[in-house]
Amino acid sequence: MSPASKKRLTVFLVTVIVVLVVGKFVFNSLQKNTVYFFSPTELSLLNEKPNGLIRIGGLVKNKSIQEKAKNSVYTFVITDLKNDVYVEFTGLLPNLFQEGKGAVVEGELKDKKFLLAKKILAKHDENYMPPEVAEALKKSGNWNKQYDK
Amino acid sequence: MLDLFKLKKIFELSNNFFYWLKIIFLSIIIFGLILSLVISPQDYLQGDTVRIMYVHVPSSWLALMIFLAMGICSIISLIFKIRVFTIYAKSLGPIGFTFSLISVFTGSLWGQPTWGTFWTWDARLTSMLLLVFFYIFYILSWGLIKNFFTAEKYSSIIAIIGLANIPIIKFSVEWWNTLHQPASIKLTESPAIHSSMLTPLLVMFFGFCLFSLFIFLIRYKTEILKLKKDKLNNILK
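Chains as they are written, first to last, in our numbering: chain A, 187 to 335; chain B, 3 to 239.
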């Protein structure tokens with residue numbers, strides 16, 4: 187290794203270490219600020235009710251979707267199995283928005299338990315399988331609760 | 003076969019080699035497309051939309067892997083001035099760029115029917131978009147800077163900075179709450195994807211890899227010829 191290469195290598199390694207340390211601090215502060223969505227429990231732990239648009243993610247509680255007076259006003263409950271948030275939404279629901287499945291709702295909080303949603307996003311999990319396999323798993327009782335997340 | 007440090011060997015690869023490589027990658031991709039678009043089953047939730055995954059996932063993997071390779075090549079060329087690695091990285095750039103674009107566009111097409119939106123600023127999507135921009139900056143720095151050595155320096159620095167983005171993309175789905183689902187295929191766990199869907203995915207990935215190799219070899223050859231034209235080929239010795 188030539189002396190020039192050695193010098194460049196040292197400079198490079200020192201830079202990498204500095205960047206890693208700084209990156210670690212940036213990452214820690216980012217983790218608090220870059221939440222794409224809150225879970226209902228995280229929301230309940232907040233001291234103040236957040237203003238403006240906020241996203242809440244979790245499972246759509248079973249048997250909670252109701253259509254109000256048939257003019258596409260829907261109410262449902264987003265849960266993380268510990269805390270619930272009640273949601274009201276006007277508009278078309280996405281195809282994959284189903285009870286027992288994950289969803290992210292965006293809107294304004296009226297109070298800490300009630301959200302007026304402007305937008306609904308269905309969350310898809312990492313499980314992929316043919317319908318027959320899903321049926322067979324459900325029948326045999328091997329259906330993993332995780333698949334419903 | 004190929005000595006990584008002596009690039010002239012590329013010209014010893016006969017046209018026959020390129021011909022057969024082309025035949026093989028084309029047949030694997032056609033086979034993979036038949037598997038993924040016709041033979042593989044629908045998903046129990048997504049239906050036929052799942053078929054977008056067979057293009058989206060291999061493209062995303064390759065976009066990440068190619069940038070990783072470019073970053074490592076840039077470190078070697080910047081520190082040890084082994085210029086072959088500069089040419090490797092330069093030849094890889096547009097290939098990775100294309101795959102990153104395919105990844106973002108197919109992901110967007112999948113997101114609309116599945117999530118209900120084409121785009122959202124979650125950590126995975128944002129960091130992937132950043133990767134597209136790093137590819138653009140990298141390619142632009144070669145295109146806009148006329149002097150080879152200056153261009154080499156700036157493009158290498160861009161690739162090395164961009165390297166930090168790669169683990170962010172990979173682990174964004176674990177570090178933050180994202181709309182994008184976590185990885186279905188992990189080295190340490192059994193895949194969360196049924197074998198009837200995993201097979202076409204892996205065939206497509208293999209086909210895309212061979213395609214990348216094919217384009218890479220052609221681009222690499224072209225870059226060497228360009229250096230010769232500019233009377234710079236002695237820097238490679």
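Even for Gly, the Cβ is constructed at its ideal location relative to N, Cα and C.
Report task. Express the C-alpha separation of B:F210 and B:G49 in angstroms, rounding to a whole number. Result -> Start at 1 with the first residue of the second sequence, and residue 49 of chain B comes out as number 47. Start at 1 with the first residue of the second sequence, and residue 210 of chain B comes out as number 208. Using only the alpha carbons, I get a separation of about 24 Å.
**Report entry** Interface residues of chain B facing A:A320 [CB-CB closer than 7 Å]
**Finding:** Translated into positions along the first sequence, residue 320 of chain A becomes position 134. Within chain B, the residues near A:A320 are Y46.
Query raised in the report: Can the beta-carbon of B:Q114 be found closer than 7 Å to that of A:E312?
Result: Taking the second sequence and counting its residues from 1, the one referred to as residue 114 of chain B is at position 112. Taking the first sequence and counting its residues from 1, the one referred to as residue 312 of chain A is at position 126. No, the Cβ-Cβ distance between B:Q114 and A:E312 is not below 7 Å.
Query raised in the report: Does the region 267-280 of chain A touch the region 101-108 of chain B, meaning 3 or more C-beta pairs lie closer than 8 Å?
Result: no
**Report entry** Same chain, Cβ closer than 8 Å to B:L162, neighbours up to 5 away in sequence not counted
**Finding:** On the second sequence, position 160 is the one that residue 162 of chain B refers to. What sits at residue 162 of chain B in the sequence shown is Ile, not Leu. Correct list, in chain order: G73, S76, I77, L80.
Query - Proximal residues, the region 167-197 of chain B versus chain A, C-beta separation under 8 Å - result: W177, W178, N179, T180, L181, Q183, P184, A185, S186, A194, I195, H196
Requested in this report: Return no unless some Cβ of chain B is closer than 7 Å to the Cβ of A:I203.
Outcome: Sequence index remark: in the first sequence, residue 203 of chain A carries index 17 (1-based). No, because no Cβ of chain B sits closer than 7 Å to the Cβ of A:I203.
Query - Residue of B:L127, B:I84, B:I217, B:I89 minimising C-alpha distance to B:W144 - result: To locate residue 144 of chain B, count along the second sequence from 1; it is residue 142. Closest option to B:W144, Cα to Cα, is B:I89.
Query raised in the report: For A:T261, does the three-state DSSP call read helix, strand or coil?
Result: To locate residue 261 of chain A, count along the first sequence from 1; it is residue 75. In the structure shown, A:T261 sits in a strand (DSSP, three-state: E or B).
Requested in this report: Check the Cβ-Cβ distances between B:I74 and every residue of chain A, and say whether any is below 7 Å.
Outcome: Counting from 1 along the second sequence, the entry for residue 74 of chain B is found at position 72. No - not a single Cβ of chain A is within 7 Å of the one on B:I74.
Report task. Return the chain-ordered list of same chain residues with a C-beta closer than 7 Å to the C-beta of B:I36, the five sequence neighbours on each side being excluded. Result -> As a working mapping, residue 36 of chain B is identified with position 34 in the second sequence. Counting only Cβ-Cβ distances below 7 Å, and skipping sequence neighbours, we find nothing.
Query raised in the report: What residue does the alpha helix (DSSP H) around A:T322 start on, and which one ends it?
Result: Within the first sequence, the letter at position 136 stands for residue 322 of chain A. Residue 322 of chain A is actually Ala in this sequence, not Thr. A:A322 -> alpha helix (DSSP H) spans 317-326.
Query - Under 7 Å by beta carbon: chain A residues contacting B:I81 - result: In the second sequence, residue 81 of chain B corresponds to position 79, counting from 1. Within 7 Å Cβ-Cβ: S191, R194, L195, F198.
**Report entry** Per DSSP, cross-strand counterpart(s) of A:T276
**Finding:** The sequence position of residue 276 of chain A within the first sequence is 90, counting from 1. According to DSSP, which records beta bridges pairwise, A:T276 is partnered with A:V259.
Query raised in the report: Do the region 242-261 of chain A and the region 198-207 of chain B meet, that is, are 3 or more Cβ pairs less than 8 Å apart?
Result: no
Requested in this report: Taking only beta-carbon positions, decide if A:Y260 is within less than 7 Å of chain B.
Outcome: By 1-based counting over the first sequence, the position of residue 260 of chain A is 74. So no, A:Y260 is outside the interface.
Query raised in the report: Per DSSP, A:F224 forms a beta bridge with which residues?
Result: Residue numbering aside, residue 224 of chain A sits at position 38 when the first sequence is read from its first letter. In DSSP, A:F224 forms a bridge with A:I242.
**Report entry** Beta-carbon neighbours of B:M130, restricted to chain A and to distances below 7 Å
**Finding:** As a first step, residue 130 of chain B must be located in the second sequence, where it is residue number 128. Correct list: empty, because the minimum Cβ distance to chain A is about 14 Å.
Query raised in the report: Less than 7 Å separating the beta-carbons of A:G243 and A:V290?
Result: On the first sequence, residue 243 of chain A is found 57 positions in, with the first residue counted as 1. On the first sequence, residue 290 of chain A is found 104 positions in, with the first residue counted as 1. Yes, the pair counts as a contact, with Cβ atoms nearer than the cut-off.
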